[in-house]
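Chemist:
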Ligand SMILES: Nc1ncnc2c1ncn2[C@@H]1O[C@H](COP(=O)(O)OP(=O)(O)OP(=O)(O)O)[C@@H](O)[C@H]1O
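In UniProt numbering, the protein residues as written are 1 to 301.
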């Protein structure tokens with residue numbers, strides 16, 4: 001379990017994380033979402049003890065991460081896949097890490113196999129693609145068989161097969177009872193991977209809840225009507241309580257069902273060329289919710 005309690009991190013005059021509190025529970029894949037610059041990496045760095053908080057705290061398994069002597073047994077993390085020594089082989093890189101955490105060589109071969117890098121084990125990491133470096137970073141995170149795993153944008157640079165593999169791996173790790181925490185700025189990446197979400201904007205918490213609840217919160221039905229008589233219909237719909245966006249040849253209607261829109265068109269003798277209901281996607285819901293939050297913050301600072 002990861003607990004972030006009233007965490008604030010300032011860099012000079014810049015507040016990267018602002019009184020943030022949330023809990024990440026075992027047995028789930030939790031997505032950590034926010035637009036670029038929202039404060040995700042900063043939060044992960046504080047959880048890992050790489051940065052000191054300005055105020056508040058972050059604990060892993062109830063204690064500050066820095067107090068674990070052999071860290072890899074407690075938390076496995078991948079923050080930046082590019083930060084590896086290019087001159088070393090994958091095996092050498094992992095062996096050095098393993099040794100400093102009291103982990104045997106056999107485990108190195110195991111994690112390389114787990115991430116599909118056995119054939120590349122003795123190649124220099126400098127020649128690896130970003131996707132392969134992500135796999136290597138994931139292997140390093142798995143070395144100590146830790147109960148808590150954290151990954152910053154782990155899907156970046158992976159091909160479709162890699163994305164499918166990594167999603168499956170994360171779900172399996174969570175099913176084994178581990179805490180799996182993944183950051184991303186793209187909701188589409190989380191939609192098929194995470195079951196819980198922590199959403200932040202400008203360093204502040206926007207939502208911490210099951211993905212399904214977040215989706216329902218943002219999901220709205222919109223009715224699109226194409227008609228040559230937009231003005232007449234828009235007036236009738238607005239009078240009936242709908243919110244209407246008018247374009248030259250169609251209306252986007254919120255707040256009324258397609259049946260009601262059709263009935264109002266009929267009673268007002270409006271000719272219709274199209275009447276469709278559209279449900280906003282999770283990505284659109286995320287954009288709407290985070291954009292709203294950013295506006296609110298911009299106004300309050
Ligand atoms: N070492 C630093 N010094 C100064 N400002 C920083 C530092 N690290 C982060 N920031 C600022 O803090 C804010 C949050 O950055 P952070 O990298 O945590 O966001 P993020 O959500 O991970 O974004 P991204 O998706 O772009 O990686 C940004 O405005 C960033 O410029």
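Note that the Cβ used here is the ideal one computed from N, Cα and C, for glycine as well.
Helix, strand or coil for residue 65, going by three-state DSSP, please let me know.
Modeler: In the structure shown, residue 65 sits in a helix (DSSP, three-state: H, G or I).
Chemist: Rounding to the nearest angstrom, what Cα-Cα distance links residue 90 and residue 46 in this structure?
Modeler: Those two C-alpha atoms are separated by around 27 Å.
Chemist: Under the rule that 16 or more other beta-carbon atoms within 10 Å means buried, what is residue 55, buried or exposed?
Modeler: Exposed.
Chemist: Can you tell which of 161, 95, 153 and 181 has the C-alpha that lies nearest to the C-alpha of residue 139?
Modeler: Residue 95 is the option with its Cα nearest to residue 139.
Chemist: What is the DSSP secondary structure of residue 170, reduced to helix, strand or coil?
Modeler: Reduced to three states, the DSSP call for residue 170 is helix.
Chemist: Reducing DSSP to helix, strand and coil, say where residue 287 ends up.
Modeler: In this structure, residue 287 counts as helix in the three-state DSSP scheme.
Chemist: Check whether the Cβ atoms of residue 29 and residue 151 lie closer than 8 Å to each other.
Modeler: No, the pair does not count as a contact, with Cβ atoms beyond the cut-off.
Chemist: Tell me the rounded alpha-carbon separation between residue 227 and residue 246.
Modeler: Rounded to the nearest angstrom, the two C-alpha atoms are 11 Å apart.
Chemist: Please return the same chain residues whose Cβ sits closer than 8 Å to the Cβ of residue 113, not counting the five positions on each side in sequence.
Modeler: Answer for residue 113: no residue qualifies.
Chemist: From the DSSP output, which residues share a beta bridge with residue 230?
Modeler: Its beta-bridge partners do not exist; DSSP assigns none.
Chemist: Count the C-beta pairs between the stretch 15-30 and the stretch 204-223 that are closer than 8 Å, then say yes if the count reaches three, no if not.
Modeler: Output reads yes: the stretch 204-223 touches the stretch 15-30.
Chemist: So what does DSSP say about residue 20, is it helix, strand or coil?
Modeler: Residue 20: strand per DSSP, three-state reduction.
Chemist: Any residue with its C-beta under 6 Å from a non-hydrogen atom of ligand 1 counts. Can you list them all in chain order?
Modeler: Chain-ordered list of matching residues: 11, 14, 16, 34, 36, 37, 38, 39, 40, 41, 42 and 185.
Chemist: Is residue 296 helix, strand or coil when you go by DSSP?
Modeler: Residue confidence for residue 296 is low, a pLDDT of 41 falling below 50, so the modelled location carries little weight; the figure read from the coordinates is stated next. Correct three-state label for residue 296: helix.
Chemist: What residue does the beta strand (DSSP E) around residue 209 start on, and which one ends it?
Modeler: Its beta strand (DSSP E) spans residues 204-210.
Chemist: What three-state label does DSSP hand residue 91 in the structure shown?
Modeler: In the structure shown, residue 91 sits in a helix (DSSP, three-state: H, G or I).
Chemist: Below 8 Å, can you find three or more Cβ-Cβ pairs linking the stretch 70-87 to the stretch 115-126?
Modeler: Output reads yes: the stretch 115-126 touches the stretch 70-87.
Chemist: With a cut-off of 8 Å, do at least 3 Cβ pairs link the stretch 37-44 to the stretch 192-202?
Modeler: Touching, per the Cβ criterion.
Chemist: Is residue 164 helix, strand or coil by DSSP?
Modeler: Three-state DSSP puts residue 164 in a helix.
Chemist: Ends of the alpha helix (DSSP H) at residue 262?
Modeler: Start and end: 258-267.
Chemist: From what residue to what residue does the alpha helix (DSSP H) around residue 302 run?
Modeler: Here the chain covers residues 1 to 301 and nothing more, so residue 302 does not appear.
Chemist: Taking DSSP's pairing of strands, which residues face residue 43 in a bridge?
Modeler: Answer is none; residue 43 lacks a bridge partner.
Chemist: Specify the secondary structure class of residue 129 as computed by DSSP and reduced to three states.
Modeler: It is coil, neither helix nor strand.
Chemist: Give every residue of the same chain whose Cβ lies closer than 6 Å to the Cβ of residue 180, excluding the five residues on either side of it in the sequence, and list them in chain order.
Modeler: The answer, listed in chain order, is 29, 149, 170, 173 and 174.
Chemist: Specify, as a first and last residue, the run of the alpha helix (DSSP H) that residue 113 falls within.
Modeler: Counting along the chain, the alpha helix (DSSP H) containing residue 113 begins and ends at 105-114.
Chemist: Compare the C-alpha of residue 156 against each of 190, 291 and 216 and name the closest.
Modeler: Of 190, 291 and 216, the residue nearest in Cα terms is 190.
Chemist: Within its chain, find whatever has a CB closer than 8 Å to the CB of residue 6; leave out the 5 residues flanking it on each side and keep chain order.
Modeler: So the list reads 19, 20, 21, 55, 56 and 57, once near-sequence residues are dropped.
Chemist: Below 8 Å CB to CB, which residues in the same chain sit around residue 238 once its five sequence neighbours on both sides are set aside?
Modeler: Same-chain partners within the cutoff: 244.
Chemist: So what does DSSP say about residue 55, is it helix, strand or coil?
Modeler: Strand.
Chemist: Cα separation between residue 286 and residue 183?
Modeler: Between residue 286 and residue 183, the C-alpha separation is close to 14 Å.
Chemist: Per DSSP, what are the beta-bridge partners of residue 281 in this structure?
Modeler: DSSP output for residue 281 lists no bridge partner at all.
Chemist: Can you pull the DSSP bridge partners for residue 2?
Modeler: Residue 2 pairs with 24 and 60.
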